[in-house]
Amino acid sequence: MFSGELKKLMNDNLLRTIRDRESGSTASRIIIDGREYINFSSNDYLGLADHPLIIEAAKKALDKYGFGAGASRLLSGGTELHGELEKMTAGFKGADSSLLFNSGYAANTSAIPAVSGEGDVIFSDELNHASIVDGCRLSKAKKVIYRHRDINHLSELIKKENDNRKIVITDTVFSMDGDIAPLKDIHDICIRHDAILYIDDAHGTGVLGNGHGALAHFNIKPEQWIIQMGTFSKALGSYGAFIAAQKNVIDRLINTARGFIYSTALPACIIAASIEALRILREKTSLTEKLRQNRERLLKGIKDLGLDTLNSETPIIPVVVGDVETTMKFSEHLMKNHIYAPAIRPPTVKIPRIRFTVTAAHTEKNIDKLLEALSTHNP
Ligand SMILES: Cc1ncc(COP(=O)(O)O)c(C=O)c1O
């Protein structure tokens, strides 16, 4: 079954395969097939995934609550920790209220169809994450795609839709390009057109705005027309996601978001880990500062080599080196030099690239080793 399709993917250099690691955390080091690499592919931006306090918090909750949640939140799957994390998250994001989802994918595919429907119009950036695209597909709203970060295009398109509820949806940090949505301008457009602004702050949370995310970065007050989605699975080193918004929005999600209603709750030990991670993020600003310094060092080094980093503004730094085959060879060259940074290929992106992610856990030596490997590549 499917052998023709798989063979075609293989011939086109587009077949995806899984490479599982033997090592623990992934922020800066990884062992695969017995070989150690410096890892530049992890979203554990602050290196929190193996923080001793987070591990201890998870262990304590494991002892107290057991592992599996046993049921959905609306039945008996939630614990007092779930509510505590929701309160903390709402406070951290400056929102009235928040609701946990089992993953960022589940949050977008559940919340978007829950807050939009027939007669509504969704405006979505063309490079939004696949989970937003799928959430839009599940919604009965009309979909209008605007050019990547193109405010004039969004403005032009939104003017044409006068009678409906409008929702503008954007990633804050684009996960494959590492650039940032022009949120201030998008927010102004939303205000002018009475539109809801739905942001996916998966890669902004813990990274932008001293860790508070994109709204803090742009100095935008989290008012009632803004819905913030974020994840615990990236800079917070844990797992799961949230929507932070006005209480009415959260009540609507509790009553209509299918990925919330019809899915088993996250285990309490994961929630305990997220609580501890948020606590660390609130208190340890040196982590976000270290991340910023590491990013600057790497970006400057890559640019000095004359490589194309598209419009990266964050710890996600794409490097474009050519077609799929060249990009694959480039990734292999890096692996030979003990650098782990897989190629990202279509259909995930239109332009093949190596996507480097730098974290607060990398040392200057790690970064310099990558730069050395990049400088010795002959295309
Ligand atoms: C922008 C964006 N949104 C949502 C998700 C999904 O989050 P999760 O990995 O928690 O499902 C991701 C992660 O891949 C992402 O990059």
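Counting in this note's numbering, the sequence shown runs from 827 upward without gaps. Glycine is no exception: its CB is placed at the ideal position from the N, C-alpha and C atoms.
On the CB-based measure, 16 or more other CB atoms within 10 Å of its CB, does residue i come out buried or exposed?
i	result
ILE880	buried
ALA1088	As written in the sequence, residue 1088 is Tyr, which differs from the Ala given in the question. TYR1088 is exposed by the Cβ-count criterion.
MET836	exposed
LYS919	buried
GLY930	buried
GLN1054	buried
LEU832	exposed
GLU912	buried
ALA895	buried
ASN869	buried
ARG975	buried
PHE1044	buried
LEU1196	buried
ALA897	exposed
ASN1137	exposed
THR1153	buried
Which residues bound the alpha helix (DSSP H) around residue i?
i	result
LYS966	Taken as a continuous stretch (DSSP letters only), LYS966 belongs to no alpha helix (DSSP H), as it is neither H nor E.
ARG855	Element bounds for ARG855: not the alpha helix (DSSP H) but the beta strand (DSSP E), 855-858.
GLN1054	Looking at the DSSP string, GLN1054 is not in any alpha helix (DSSP H); the run it does join, the beta strand (DSSP E), is 1052-1057.
PRO939	930-941
ARG1121	1111-1130
TYR891	878-891
ILE1193	1190-1201
VAL1150	1150-1162
LEU1041	1040-1043
PHE1086	1084-1087
Quick check: residue i and residue j, are their CB atoms within less than 8 Å of each other?
i	j	result
VAL1150	ARG1171	yes
LEU1200	ILE1128	yes
SER998	ASP1026	Residue identity differs from the one stated: residue 998 is Thr in this sequence, not Ser. Taking 8 Å as the Cβ cut-off, THR998 and ASP1026 qualify as a contacting pair.
THR1057	THR1031	yes
LYS968	VAL994	no
ARG899	PHE1068	no
TYR871	ILE1165	no
LEU1125	ILE1143	yes
THR935	SER950	no
CYS962	ILE977	no
ALA1186	LEU1117	yes
ALA932	ALA1071	no
SER1100	GLY1148	no
THR992	HIS1019	Per the sequence shown, the amino acid found at residue 992 is Lys instead of Thr. Yes, the pair counts as a contact, with Cβ atoms nearer than the cut-off.
HIS1013	ILE971	no
ALA887	LEU907	yes
Have a look at the options and flag the residue whose alpha-carbon is nearest the alpha-carbon of residue i.
i	options	result
GLY1039	LEU1062, ALA897, LEU901 and GLU1198	LEU1062
SER923	ILE958, ILE1080, VAL970 and PRO1093	ILE1080
PHE1000	ALA1187, ALA1186 and VAL1175	VAL1175
LEU1133	LEU926, ALA884 and ARG1181	ARG1181
ILE843	ALA1169, GLU944, VAL959 and ARG861	For the sequence presented, residue 843 should be read as Thr rather than Ile. Here the closest residue by C-alpha is ALA1169.
ALA875	LYS1110, ALA932 and GLU1102	GLU1102
TYR891	THR905, LEU901, SER898 and LEU900	THR905
GLY873	ARG1118, ILE857, LEU1113 and THR1152	LEU1113
CYS1016	GLN1050, ALA921, ASN839 and LEU1092	GLN1050
MET1002	THR1183, ILE1193 and GLU1190	THR1183
VAL1033	ARG1108, ILE1046 and GLY1066	ARG1108
LEU980	HIS1159, PRO1008, LEU1131 and LEU840	PRO1008
LEU1160	THR1202, THR1140, LEU1136 and SER1138	THR1202
ILE1052	SER1064, LEU1196, LYS985 and LYS1073	LYS1073
SER867	GLU882, SER851, HIS877 and ILE1012	SER851
LYS1010	LEU964, ILE1022 and LEU1041	LEU1041
ASP989	LEU840, ASP838, THR1090 and ALA1021	ALA1021
HIS1188	SER965, HIS1013 and ARG1123	ARG1123
ILE1119	HIS1029, THR1140 and GLY830	As written in the sequence, residue 1119 is Gln, which differs from the Ile given in the question. Checked all of HIS1029, THR1140 and GLY830; the closest Cα to GLN1119 is THR1140.
HIS955	ALA1028, ARG847, ARG861 and ARG1084	ALA1028
ASN1036	GLU952, HIS877, LYS1155 and GLU1115	GLU1115
First and last residue of the beta strand (DSSP E) that includes residue i?
i	result
VAL994	992-997
ASN865	861-865
ILE977	That residue, ILE977, is in no beta strand (DSSP E); its alpha helix (DSSP H) goes 977-985.
ILE792	Only positions 827 to 1205 of the chain appear in this structure, which leaves residue 792 out of reach.
ALA1021	1021-1026
ILE1069	1067-1071
SER923	923-927
ASP1014	Counting along the chain, ASP1014 falls outside any beta strand (DSSP E), though it belongs to the alpha helix (DSSP H) covering 1009-1018.
Check whether the Cβ of residue i sits closer than 7 Å to any heavy atom of ligand 1, and report yes or no.
i	result
ALA921	no
HIS974	no
THR1057	yes
SER929	yes
SER1064	no
SER1089	no
ALA1067	yes
ASP1003	no
HIS1043	no
SER851	no
ASP1026	yes
ASP997	yes
For residue i, is the beta carbon positioned less than 7 Å from some heavy atom of ligand 2?
i	result
ALA1070	Absence of ligand 2 is noted for the structure shown, with ligand 1 being the only ligands found.
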